[in-house]
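Q: The sequence shown runs -19 to -1, 1 to 201 under mature numbering (1 follows the signal peptide of the UniProt record, and there is no 0).
Beta carbons: idealized from backbone N, C-alpha and C, even for Gly.
On a predicted model such as this, the values are computed, not experimentally measured, just so you know.
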Amino acid sequence: MVLAVFSMLIVLWMTRSITDDVPGWGALFNGRVGDGTASVMMATLLFIIPNKKQKGEKLMDWNKCKKLPWNIVLLLGAGFAIAAGVRSSGLADVLSKALTFLEHAPYLVIAPAVCLISSTVTEFTSNNSTTTLLVPLLIQVAQTMHVHPLLLMVPGAIGAQFSYLLPTGTPSNVVGFTTGHIEIKDMIKTGVPLKIAGIAALSLLMPSLGVCFWDKRRNV
């Protein structure tokens, strides 16, 4: 029964908004529902559907719910909340203006700088939120510099995956951190060399192989 509820949740996620021609069931509510609405609705069903193995009980009760790893939910939610706060507070515009120094810098400096900025921001928000925040800014910088946008977008997007230092960076970090066997100091000790190696690799590959695929002097 739990598998059936989960399958129904996946179907609701996939059919909420399909295409412009086929809007999905979300259009019935004038865009007031999201993926979270479907998740809460299916979770509520678990508190209603009876448990066939244990009579008189439901598939989920509050005692079981209290044992869920809520710290994972809060850590991930904090990352998305910070990203939303950056956009709504106007900090994204400040960051956009701060990146204007890249417009007059040589590309050999820009590639590692973009990767460093992206890999730093992603430690405090999720990698998805980081790419959503930075990629549009990098496109604007690329247009001003008259270089191919991918020469900035690729190091920015890949750098957002170098979230090795803090648990808020990505769900996999949260899973490892919540086991209790890994502390933040352990993540920093292991993550710093990995981050340096990743930035160094991108700093070498983008000005060489990247330019071969996307001419940096192309007028965009």
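Is the beta carbon of M134 sitting closer than 8 Å to the one on V116?
A: The sequence position of residue 134 within the sequence shown is 153, counting from 1. The sequence position of residue 116 within the sequence shown is 135, counting from 1. Yes. Within cutoff.
Q: Report yes or no: do the segment 126 to 142 and the segment 172 to 191 share at least 3 C-beta pairs separated by less than 8 Å?
A: Contact holds: three or more Cβ-Cβ distances are below 8 Å.
Q: Buried or exposed for C96, going by 16 or more other Cβ atoms inside 10 Å?
A: Numbered from its first residue, the sequence shown carries residue 96 at position 115. Buried, because 16 or more other Cβ atoms sit within 10 Å of the Cβ of C96.
Q: Quick check for students: name the residue ranges of the alpha helix (DSSP H) that lie wholly in the segment 8 to 55, counting only runs of 4 or more.
A: With a minimum length of 4 residues, the continuous alpha helix (DSSP H) runs that stay inside the segment 8 to 55 are 16 to 27, 43 to 47.
Q: State buried or exposed for G150, treating a residue as buried only when at least 16 other CB atoms are found within 10 Å of its CB.
A: Looking up residue 150 in the sequence shown gives position 169. By the 10 Å Cβ count, G150 comes out buried.
Q: Can you tell me whether R(-4) is helix, strand or coil according to DSSP?
A: Here residue -4 corresponds to residue number 16 of the sequence shown, with the count starting at 1. In the structure shown, R(-4) sits in coil (DSSP, three-state: anything other than H, G, I, E or B).
Q: In three-state terms, what does DSSP make of I163?
A: For the purposes of this step, residue 163 is taken as residue 182 along the sequence shown, with counting starting at 1. Three-state result, I163: coil.
Q: Could you have a look at F194 and say whether DSSP puts it in helix, strand or coil?
A: Residue 194 sits at position 213 when you count from the first residue of the sequence shown. Correct three-state label for F194: helix.
Q: Distance, Cα to Cα, L26 vs L(-8)?
A: Reading the sequence shown from its first residue, position 45 is the one you call residue 26. Reading the sequence shown from its first residue, position 12 is the one you call residue -8. Cα-Cα distance, rounded: 14 Å.
Q: Pop quiz: I63 and T106 are said to be a contact at Cβ under 8 Å. What is the actual Cβ separation, rounded to whole angstroms?
A: In the sequence shown, counting from the first residue as 1, residue 63 sits at position 82. In the sequence shown, counting from the first residue as 1, residue 106 sits at position 125. Indeed, because the Cβ distance is near 5 Å, the residues count as touching under 8 Å.
Q: Would you mind working out which of L114, T159, A19 sits nearest M(-12), comparing C-alpha positions?
A: Numbered from its first residue, the sequence shown carries residue -12 at position 8. With distances taken between Cα atoms, M(-12) lies closest to A19.
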